[in-house]
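In the numbering used here, the protein residues as written are 1 to 189.
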């Protein structure tokens, strides 16, 4: 049985970075969007959303916090990169998601990275930018894949990263924890 909260950072201090993990469909992206909408911290970066047609998921799009959008993956695009049934547009990820994250590193106090997952890890630029964000002195709020992965496991065990497991049953508690983390970081900014 998975614990509700995975405390990777054992010290009794506010972690520099907070990464949500959990099964697909537990609302991790919505929690981030809701929490940053209430926050006073200047944020930049990107999140992902499903692309649906007639109620069936067809792919995913990247949306930056300043409103730019691009297809990340879709069943009906051409790409040499594929995860499950989705072809992944690594160029769009680099042009939109990676660029938004790099801008946020320069201009913002809070970096949003949603998500650090199989599709995104196909981009070497993305992986490099994630490390720049983690080691860059800014705060990172994001999502990271639940399943084991060497890159993600290294991020999860970074001393400044706290990992929060989100389930359908703990969403309210998770939102309160994210908001508390944001308030603590607003006070430190």
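No residue lacks a Cβ here, since even glycine has one placed at the ideal position from N, Cα and C.
In this structure, residue 169 lies away from residue 143, with their beta-carbon atoms at least 7 angstroms apart. When the alpha-carbon of residue 187 is set against those of 18, 40, 162, the nearest one is in 40.
For residue 96, the secondary structure class from DSSP, reduced to helix, strand or coil, is helix. Where residue 33 is concerned, the enclosing alpha helix (DSSP H) starts and stops at 28-38. For residue 87, the beta-bridge partners assigned by DSSP are 74, 82. Looking at the DSSP output, residue 117 shares a beta bridge with no other residue.
Residue burial annotation: residue 111 is buried, with at least 16 other C-beta atoms found within 10 angstroms of its C-beta. In this structure residue 64 does not touch residue 49 by the C-beta definition: roughly 12 angstroms separates them, more than the 8 angstroms allowed. Closest by C-alpha distance to residue 51, out of 121, 36, 77, 66, is 77. Under the DSSP assignment, residue 155 falls in the alpha helix (DSSP H) whose first and last residues are 150-156. If you draw a straight line from the Cα of residue 153 to the Cα of residue 56, it comes to about 31 angstroms. In the structure shown, residue 41 adopts coil according to DSSP, grouped into three states.
Taking all protein chains in view, the Cβ of residue 16 is crowded by 16 or more other Cβ atoms within 10 Å, so the residue is classified as buried.
Within its own chain, the residues whose Cβ lies closer than 7 angstroms to the Cβ of residue 89, once the five positions on either side in sequence are excluded, are 71, 72, 73, 77, 79, listed in chain order. Excluding sequence positions up to five before and after residue 86, its CB lies within less than 8 angstroms of the CB of 59, 60, 73, 74, 75, 119, all in the same chain and listed in chain order. The three-state secondary structure of residue 172, taken from DSSP, is helix.
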